[in-house]
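Residue numbers (our numbering): 3 to 340.
Below is one structure, written out as structure tokens; the observations come after it.
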Ligand code: PEP
Ligand code: MN
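Right under this line is the structure:
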């Protein structure tokens with residue numbers, strides 16, 4: 003922690019800061035200039051004490067932390083990439099993993115038809131929401147338990163793992179009874195009790211980025227899952243809210259290399275929720291792969307015109323198959339396979 007004293011701070015104000023630092027058992031390194039004094043605080047557990055405890059003191063201008071707030075997700079704790087394995091599929095390795103399917107599970111017919119289409123096109127994981135976190139309580143909330151039953155059936159019939167969203171801590175056992183991967187939605191990225199609960203479950207987790215959250219907040223949220231001993235965390239960039247309104251969310255492509263530098267976890271991209279329109283999905287998917295994403299999460303619906311949720315951003319199985327072909331040379335160009 004660095005305490006930057008105000009210009010002309012008195013000797014007594016500086017001494018009071020030093021005294022407080024020492025009361026925590028920490029050391030100080032003083033940088034005394036002609037007008038300004040900067041006090042570096044050295045200690046292994048400074049993260050336990052709020053910066054505000056110093057910021058409120060008389061004569062203090064600013065207090066900043068040097069250490070990143072996230073730890074377990076950082077490359078400092080683990081330099082080599084984490085690979086998440088399930089059913090012989092490795093996420094974070096050379097092969098780009100594609101997860102695809104409808105936003106919401108709507109019916110047996112819809113789910114089976116989608117599974118057949120996306121599997122034939124090359125997807126290795128089927129997505130489908132049984133519990134939907136909707137902005138309005140009056141919108142379709144998902145088929146819930148019936149949705150999970152359908153996901154169980156489709157898994158068995160098509161021998162494909164499934165990812166589905168979990169919205170409530172009370173449902174961990176229920177959802178983990180079917181899901182191969184638990185999805186934490188954007189709106190729940192900072193639902194810390196939910197993060198802890200999925201951490202305890204040890205099931206792989208896709209942690210979507212909160213659409214108003216920074217990369218640092220996102221990685222710190224990942225620490226909640228990792229802290230429970232669940233190392234199977236996959237991050238998913240899905241677009242953030244900016245002033246731009248020509249798309250549903252602004253895809254933060256730069257977050258992908260930023261995370262790759264700072265963090266060892268796999269990162270996938272969801273171009274569907276960023277785009278908000280099916281015509282924009284392919285270009286964003288290609289950009290994400292070029293930027294280093296380890297996988298994609300794409301919404302596919304056999305009949306988008308009749309979809310109960312997110313029809314406008316859903317690809318048809320035919321368009322999805324076309325996209326996967328188009329992604330091949332891009333994956334190859336960045337040393338990956340798909
Ligand atoms: C979804 O994947 O259907 C979804 C609700 O996404 P997000 O949480 O990113 O909005
Ligand atoms: Mn959706």
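Ideal placement from N, C-alpha and C gives every residue a C-beta, glycine not left out.
Computed from a predicted model, the values in this text were never measured in an experiment.
Proximity winner among the options, relative to residue i (alpha-carbon distances)
i           : options            : result
residue 142 : 131, 71, 151, 278  : 131
residue 201 : 212, 188, 168, 214 : 168
residue 335 : 98, 268, 186       : 98
residue 120 : 316, 337, 332, 331 : 316
residue 138 : 271, 319, 311      : 311
residue 233 : 225, 239, 190      : 225
residue 67  : 11, 322, 50, 152   : 50
residue 2   : 324, 325, 303, 319 : The requested residue 2 is not part of the displayed model; the chain covers only 3 to 340.
residue 128 : 289, 13, 236, 156  : 156
residue 278 : 269, 291, 247, 267 : 247
residue 199 : 213, 227, 192      : 227
residue 43  : 25, 14, 37, 4      : 4
residue 57  : 211, 16, 32, 172   : 16
residue 159 : 222, 175, 116      : 116
residue 11  : 24, 25, 39, 26     : 39
residue 280 : 271, 240, 321      : 321
residue 54  : 220, 6, 91         : 6
Beta-ladder partner(s) of residue i, from DSSP
i           : result
residue 42  : 4, 31
residue 317 : 302
residue 66  : 4
residue 76  : 265
residue 238 : 210, 270
residue 252 : 242
residue 278 : Residue 278 pairs with nothing; no bridge assigned.
Alpha carbon of residue i to alpha carbon of residue j, nearest angstrom
i           : j           : result
residue 71  : residue 308 : 45 Å
residue 196 : residue 208 : 13 Å
residue 61  : residue 218 : 29 Å
residue 69  : residue 314 : 43 Å
residue 28  : residue 34  : 19 Å
residue 82  : residue 183 : 22 Å
residue 134 : residue 144 : 5 Å
residue 282 : residue 118 : 24 Å
residue 59  : residue 22  : 10 Å
residue 265 : residue 112 : 37 Å
residue 41  : residue 256 : 34 Å
residue 149 : residue 107 : 6 Å
residue 153 : residue 47  : 45 Å
residue 31  : residue 268 : 38 Å
residue 146 : residue 294 : 34 Å
residue 14  : residue 8   : 13 Å
### Task
Could you name the residues whose beta carbon sits closer than 5 Å to any heavy atom belonging to ligand 2, keeping them in chain order?
105, 312
### Query
Unbroken beta strand (DSSP E) runs of length 3 or more, entirely within the region 80-140: which are they?
86-88, 91-93, 99-103, 127-129
### Query
Whole alpha helix (DSSP H) runs in the region 175-225 with 4 or more residues, listed along the chain?
194-203
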